[in-house]
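Colleague:
Numbering (my numbering), first residue to last: 14 to 153.
#1: Helix, strand or coil, according to DSSP, for residue 136 in the structure here?
#2: Out of 117, 33, 49, which has the shortest C-alpha to C-alpha gap to residue 43?
#3: So what does DSSP say about residue 43, is it helix, strand or coil?
#4: Is the separation between the beta-carbon of residue 124 and that of residue 35 shorter than 8 Å?
#5: Touch check for the stretch 59-71 and the stretch 88-95: three-plus C-beta pairs under 8 Å?
#6: Determine the direct distance from the alpha carbon of residue 69 to that of residue 110, and round the result to whole angstroms.
#7: Between which two residues does the alpha helix (DSSP H) holding residue 61 run?
#8: Does the beta-carbon distance from residue 52 to residue 67 come in below 8 Å?
#9: I'd like the list of long-range same chain contacts for residue 26, defined as Cβ closer than 8 Å, with 5 residues on each side in sequence excluded.
#10: Could you compute how far the alpha carbon of residue 71 sits from the alpha carbon of residue 77?
#11: Do you know whose CA, among 107, 49, 103, 137, lies nearest residue 86's CA?
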């Protein structure tokens, strides 16, 4: 006899199970509050990886800078969902999926603002650090 395969259960960041997933990732404490000690390093690492992936996929620093500035400006306007949408659209343009941890935290109204604030701040720092390299590219 063959065992019947169950169809995979499709879950999203907006399901009831999302909070448990976020807790297992350490993004929520056992009482359900966001754990900034975990969220901030995740955002920091994610911003660095994103910047490098973006630079690998565009022709010049100016193009990457424009995309990054859009994300940063949405967050500066206190619109974390729009900043996430801009980030997601950028990943789509690179033909990449949104990284899983970002996908899962996207449904959390408590975690997303903390994540995007840190992500945008680090992305801004990265842009400032790389400005001299962009100037060198233009003069070559």
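Glycine included, each C-beta is placed from N, C-alpha and C at the ideal position.
Modeller: Taking the definition as stated:
#1: In the three-state reduction of the DSSP assignment, residue 136 falls in the helix class, which pools H, G and I.
#2: Selection 117, 33, 49 evaluated against residue 43 yields 33 as nearest (Cα-Cα).
#3: DSSP places residue 43 in coil when its eight states are reduced to three.
#4: In this structure, residue 35 lies closer than 8 Å to residue 124 by Cβ.
#5: Judged by Cβ distances under 8 Å, the stretch 59-71 makes no contact with the stretch 88-95, as fewer than three pairs qualify.
#6: Between residue 110 and residue 69, the C-alpha separation is close to 15 Å.
#7: Counting along the chain, the alpha helix (DSSP H) containing residue 61 begins and ends at 49-70.
#8: No, the Cβ-Cβ distance between residue 52 and residue 67 is not below 8 Å.
#9: Cβ within range, chain order: 116, 117, 118, 119, 120, 121.
#10: C-alpha of residue 71 to C-alpha of residue 77: approximately 7 Å in a straight line.
#11: Minimum Cα distance to residue 86 is reached at 137.
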